[in-house]
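Position in the sequence shown counted from 1, then plus 564, gives you the numbering used here.
Note that the Cβ used here is the ideal one computed from N, Cα and C, for glycine as well.
The structure appears right after this line, and notes come after that.
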Amino acid sequence: MIRVLVAKPGLDGHDRGAKVVARGLRDAGMEVIYTGLHRSPEAIVRAALEEDVQVVGLSILSGAHNRLVPEIAAQLKAEGLDEVLVIAGGIIPEDDVPGLLEAGVSAVFPPGSTLDQIVDYIREHAVIPG
565 MIRVLVAKPG
575 LDGHDRGAKV
585 VARGLRDAGM
595 EVIYTGLHRS
605 PEAIVRAALE
615 EDVQVVGLSI
625 LSGAHNRLVP
635 EIAAQLKAEG
645 LDEVLVIAGG
655 IIPEDDVPGL
665 LEAGVSAVFP
675 PGSTLDQIVD
685 YIREHAVIPG
């Protein structure tokens, strides 16, 4: 079973979309761990380690994606979690996507992305131990 950590980094206080995605991933047969609001990069990486996840999904609407998301990706790599798939979604301008991809994010799902698109991407790209 694919284990997914859904996290809301920083001061972003809107989590409706993250909860919708978390429920959709669960309904698609994935095990989902939701960290809640206002998580630091360190807390997200610690949760990814403790929960032994294959995917970290970051939902961010605050505009701090260019700082927080690369920091999380770098910390995951520093902890040896190179195979963890990092995806992001939320209000992320198209011009910022290439920098996030360079920083280690595998995919960015903008508003309007469907649950099927997210589920299919995870199923195709997550590295499942075994």
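Along the alpha helix (DSSP H) that carries Val-731, what are the first and last residues, could you check? Residue 731 falls outside the range modelled here, since the chain spans only 565 to 694, and no answer is possible.
I need the straight-line Cα distance from Met-565 to Glu-595, nearest angstrom please. Here the alpha carbons of Glu-595 and Met-565 stand approximately 7 angstroms from one another.
Return helix, strand or coil for Gly-621, following the three-state DSSP convention. Three-state DSSP puts Gly-621 in a strand.
So the beta strand (DSSP E) Gly-654 belongs to, where does it begin and stop? For Gly-654, the enclosing beta strand (DSSP E) starts and ends at 649-654.
Taking the Cβ atom as the reference point for each residue, do Val-619 and Ile-686 lie within a distance shorter than 7 angstroms? Yes, these two residues count as a Cβ contact at 7 angstroms.
Are there three or more Cβ pairs, one per stretch, closer than 8 angstroms when the stretch 672-680 is compared with the stretch 643-663? Enough Cβ pairs lie closer than 8 angstroms, so yes.
Determine contact between the stretch 571-579 and the stretch 614-631, defined as no fewer than three beta-carbon pairs at a distance below 8 angstroms. Result yes; three or more Cβ-Cβ pairs closer than 8 angstroms.
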